[in-house]
Amino acid sequence: MSFSVTEPTKGTKWFAGILVIGYACITLVPLLWIVATGFKSPADSIAYPPVVVFEPTLEGYVNLFTDRTRATPDMIEAAGPAETWYDQIARERGTVISGPSRYGERFLNSVIIGFGSTFLCMVLGTMAAYAFSRFKVPLKDDLLFFILSTRMMPPIAVAIPIFLMFRNLGLNDTHLGMILLYTAVNLSLSVWLLKGFIDEIPIEYEEAALIDGYTRFQAFYKVVLPQAATGIASTAIFCLIFAWNEYAFAVLLTSGTAQTAPPFIPTIIGTSGKDWPAVAAGATIFLVPVMVFTILLRKHLLRGITFGAVRK
Amino acid sequence: MAQIRIENVRKDFGAFNAVKSSTFTIEDGEFFMLLGPSGCGKTTTLRMMAGLELPTSGEIYIDGEEVGMKPASQRDIAFVFQMFALYPHMNVGKNISYPLRSQGMPKAAVKKKVDEIAEILGITDILNKPVGGLSGGDRQRVALGRAIVRDPKAFFMDEPLGALDAEFREHMSEELRALHDRMNATTVYVTHDQLEAMQMGDKIVVMNHGVVEQFGVPQDIYDWPATKFVAQFIGSPSMNFLDFHGMIGKGGNEVRLNDVALSVPTSIDGANGVMSFGVRPEHVRLDDSAAYRGRVKATEYLGTTQIVTLETANGDIKARVASSDKVSVGDQTGLTFDPRTITLFDADTGAALLSQANEGVLIHG
Numbered sequence: 079m080s081f082s083v084t085e086p087t088k089g090t091k092w093f094a095g096i097l098v099i100g101y102a103c104i105t106l107v108p109l110l111w112i113v114a115t116g117f118k119s120p121a122d123s124i125a126y127p128p129v130v131v132f133e134p135t136l137e138g139y140v141n142l143f144t145d146r147t148r149a150t151p152d153m154i155e156a157a158g159p160a161e162t163w164y165d166q167i168a169r170e171r172g173t174v175i176s177g178p179s180r181y182g183e184r185f186l187n188s189v190i191i192g193f194g195s196t197f198l199c200m201v202l203g204t205m206a207a208y209a210f211s212r213f214k215v216p217l218k219d220d221l222l223f224f225i226l227s228t229r230m231m232p233p234i235a236v237a238i239p240i241f242l243m244f245r246n247l248g249l250n251d252t253h254l255g256m257i258l259l260y261t262a263v264n265l266s267l268s269v270w271l272l273k274g275f276i277d278e279i280p281i282e283y284e285e286a287a288l289i290d291g292y293t294r295f296q297a298f299y300k301v302v303l304p305q306a307a308t309g310i311a312s313t314a315i316f317c318l319i320f321a322w323n324e325y326a327f328a329v330l331l332t333s334g335t336a337q338t339a340p341p342f343i344p345t346i347i348g349t350s351g352k353d354w355p356a357v358a359a360g361a362t363i364f365l366v367p368v369m370v371f372t373i374l375l376r377k378h379l380l381r382g383i384t385f386g387a388v389r390k
Numbered sequence: 072m073a074q075i076r077i078e079n080v081r082k083d084f085g086a087f088n089a090v091k092s093s094t095f096t097i098e099d100g101e102f103f104m105l106l107g108p109s110g111c112g113k114t115t116t117l118r119m120m121a122g123l124e125l126p127t128s129g130e131i132y133i134d135g136e137e138v139g140m141k142p143a144s145q146r147d148i149a150f151v152f153q154m155f156a157l158y159p160h161m162n163v164g165k166n167i168s169y170p171l172r173s174q175g176m177p178k179a180a181v182k183k184k185v186d187e188i189a190e191i192l193g194i195t196d197i198l199n200k201p202v203g204g205l206s207g208g209d210r211q212r213v214a215l216g217r218a219i220v221r222d223p224k225a226f227f228m229d230e231p232l233g234a235l236d237a238e239f240r241e242h243m244s245e246e247l248r249a250l251h252d253r254m255n256a257t258t259v260y261v262t263h264d265q266l267e268a269m270q271m272g273d274k275i276v277v278m279n280h281g282v283v284e285q286f287g288v289p290q291d292i293y294d295w296p297a298t299k300f301v302a303q304f305i306g307s308p309s310m311n312f313l314d315f316h317g318m319i320g321k322g323g324n325e326v327r328l329n330d331v332a333l334s335v336p337t338s339i340d341g342a343n344g345v346m347s348f349g350v351r352p353e354h355v356r357l358d359d360s361a362a363y364r365g366r367v368k369a370t371e372y373l374g375t376t377q378i379v380t381l382e383t384a385n386g387d388i389k390a391r392v393a394s395s396d397k398v399s400v401g402d403q404t405g406l407t408f409d410p411r412t413i414t415l416f417d418a419d420t421g422a423a424l425l426s427q428a429n430e431g432v433l434i435h436g
């Protein structure tokens, strides 16, 4: 273990600070723009020059979560006063709400498929990585290379075979099919990342646990897993982000029951004009779960806990 | 507490033979040292006793029961690792109580036992601390605590002082020995440090290249080494070897080196050919009138004694003499050797030749 003994100078700290803030601005501005667009009126959203100060409205969100039909002023008059605030917003635009949209369902599908495949990937990944790290597996290096090689082409290159396979197996447009697909794509990454983390955990911990009267499996989940928390957390975030954002396979393989949010959001455009605020609202809500997940796991990303318990 | 018996144990890692057919017995309550240079197979032997490696062939008995193929968790032994291997996600108390919790002991009993152990080791005040910030010595104590908390049949320690500072090792080795005497538990201790082995061990096994070279109490091993390797490995500076071509008859007690007759303990079998005349530095005296001659090459001052290196017709030799002796580089001087302490070695095989002086030690070893 080595530590830097030189404290950074004030100038260095300032420079580093400015760099980080500058980078944060560059990455955050597009995000903030999307969030802001979600609260704009359709006119403001396409105004040129772009408006930065605007009167916020929930119209985008109402449009995202509802289906509406166009109505003449007479019909609106005849329907009586609006019962809810979102009814009110719709009526101001000359429409009436005919029912909820499918965004909620699609979002839920994304949650089930994204988190389901991440969970499966972590279970299989930690166990495979542990086996590769600790046991004498015949042809270990070849197997590891084979696992890695599944990521050497873009997954979408095999879209057609997968489509045909899924059709024959009846996995088209099912949650299970999508979970299996994303797990398969992510597994090689997770095995490789996790193997690196597990390799770094000294084997003495498990040996100590074995001698202390635990079985191999108990040693694995009571001693190895807590120490691989950092690796598991960061790998899980990678897996989730991939599965959550995946678009091409989702478009190809899902249409109804198992459709996720990414292929759904673009369909908002076209049903009633280019409704940018609704699209932006959909994207904003779509960001939240990954953000929350990352924030929850953030404390595990600190390496501090394993520091110094073994002398190297 | 238990007797441990190793019979014809062998371990291969692929084509590499780490331990060759070893046999020895560790008596109940003994502090037993496995000594040898790195790569000699001592750690592998220990790990086989513990169940962390399986022997390729041979038997291991703990308390009369053959355990060679049993998993570590069923052998009821404790192991202290060189790196301590404290569980980093648990605090000191949790680390110590971990083996007890694996047995499903009730909480109150666990706490009582942990408090008792902490008291013995003097670590009561750090029970609630995380292990990350502990000093080397405290980590060592926690590792010991985790080992002794369960009253196992035997303690296995793999260079437990290896990771400590030199200054602290001395202190810890005393603490360890005291702990052993108090608990009277069979302890097997792996080290490459011959001083540590001599200091702490009741008995020592010296290993080299996977072979048990000698097995016995420290004094016997020091005085009557079975092989040139043992003679060299133990003692600092190590035993001197004067190589010569000559012969000694059955029952003979004299050899001729460079035409000077030197007395040796009575030989049992006799020998003819190239031999090594082995003598410890403290048994070499400088005596101007002696017939065997040497020239002083260097001197090393060590306080009360000094090490004098001399050049002789049969090779260099080191003598440990009093610092008050006046010796200067370039002096010609005579050398005498305490005849009762000499061991002759076969220069080819490195094995000690049996004499009346060492037969008692070597036949048992």
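Residue numbers (the working numbering), protein chains in the order written: chain V, 79 to 390; chain L, 72 to 436. The beta-carbon is built from N, C-alpha and C at its ideal position, and this holds for glycine as well. None of the values given here were measured: they were computed from a predicted structure.
Can you have a look at residue i and say buried or exposed, based on whether 16 or more other CB atoms are within 10 angstroms of its CB?
i                      : result
residue 257 of chain V : buried
residue 256 of chain L : buried
residue 261 of chain L : buried
residue 363 of chain L : buried
residue 118 of chain V : buried
residue 347 of chain V : exposed
residue 163 of chain V : exposed
residue 163 of chain L : buried
residue 156 of chain V : exposed
residue 271 of chain L : buried
residue 284 of chain V : buried
residue 113 of chain L : buried
residue 237 of chain L : exposed
residue 295 of chain V : exposed
Could you check what DSSP says for residue i in three-state terms: helix, strand or coil?
i                      : result
residue 285 of chain L : strand
residue 112 of chain V : helix
residue 360 of chain L : coil
residue 243 of chain L : helix
residue 226 of chain L : strand
residue 252 of chain L : helix
residue 380 of chain L : strand
residue 426 of chain L : strand
residue 231 of chain V : coil
residue 105 of chain V : helix
residue 372 of chain L : strand
Can you name, in chain order, every residue of its own chain whose Cβ lies under 6 Å from the Cβ of residue i, other than the five neighbours on each side?
i                      : result
residue 318 of chain L : 343
residue 195 of chain L : 189
residue 167 of chain V : 137 and 140
residue 383 of chain V : Here residue 383 of chain V scores only 42 on pLDDT, less than 50, and its place in the model should not be relied on; the value that follows carries that caveat. Answer for residue 383 of chain V: no residue qualifies.
residue 338 of chain L : 319, 323 and 426
How far does the beta strand (DSSP E) with residue i in it extend, from its first residue to its last?
i                      : result
residue 375 of chain V : It is not in any beta strand (DSSP E) - residue 375 of chain V instead sits in the alpha helix (DSSP H) that spans 354–375.
residue 262 of chain L : 257–262
residue 403 of chain L : 403–408
residue 132 of chain L : 128–133
By the DSSP assignment, the alpha helix (DSSP H) with residue i in it spans what residues?
i                      : result
residue 186 of chain V : 181–212
residue 220 of chain L : Element bounds for residue 220 of chain L: n/a, residue is neither H nor E.
residue 274 of chain V : 253–278
residue 240 of chain V : 237–247
residue 289 of chain V : 282–289
Under the DSSP definition of a beta bridge, which residues are partnered with residue i?
i                      : result
residue 166 of chain L : Partner(s): none; residue 166 of chain L has no beta bridge.
residue 348 of chain L : L:313 and L:415
residue 159 of chain V : According to DSSP, residue 159 of chain V bridges with nothing at all.
residue 394 of chain L : Paired residues: none, contrary to the question.
residue 438 of chain L : No answer is possible for residue 438 of chain L: it lies beyond the span of chain L, which begins at 72 and ends at 436.
residue 84 of chain L  : L:87
residue 318 of chain L : L:343
residue 365 of chain L : L:404
So, for residue i: in the same chain, excluding its five sequence neighbours on each side, which residues have a beta-carbon less than 7 Å away from its beta-carbon?
i                      : result
residue 386 of chain V : Caution is warranted here: a pLDDT of 39 is assigned to residue 386 of chain V, below 50, making its placement in the model unreliable, and no coordinate value can be reported.
residue 254 of chain V : none
residue 240 of chain L : 232
residue 181 of chain L : 168, 171 and 172
residue 437 of chain L : There is simply no residue 437 of chain L to check, as chain L begins at 72 and stops at 436 in what is shown.
If you drop the 5 nearest sequence neighbours on each side, which residues of the same chain put their C-beta closer than 8 Å to that of residue i?
i                      : result
residue 283 of chain L : 93, 94, 95, 276 and 277
residue 73 of chain L  : 99, 133, 134, 224, 225 and 257
residue 406 of chain L : 355, 356, 357, 358, 361, 363, 364, 365, 381, 383, 388 and 390
residue 393 of chain L : 375, 376 and 377
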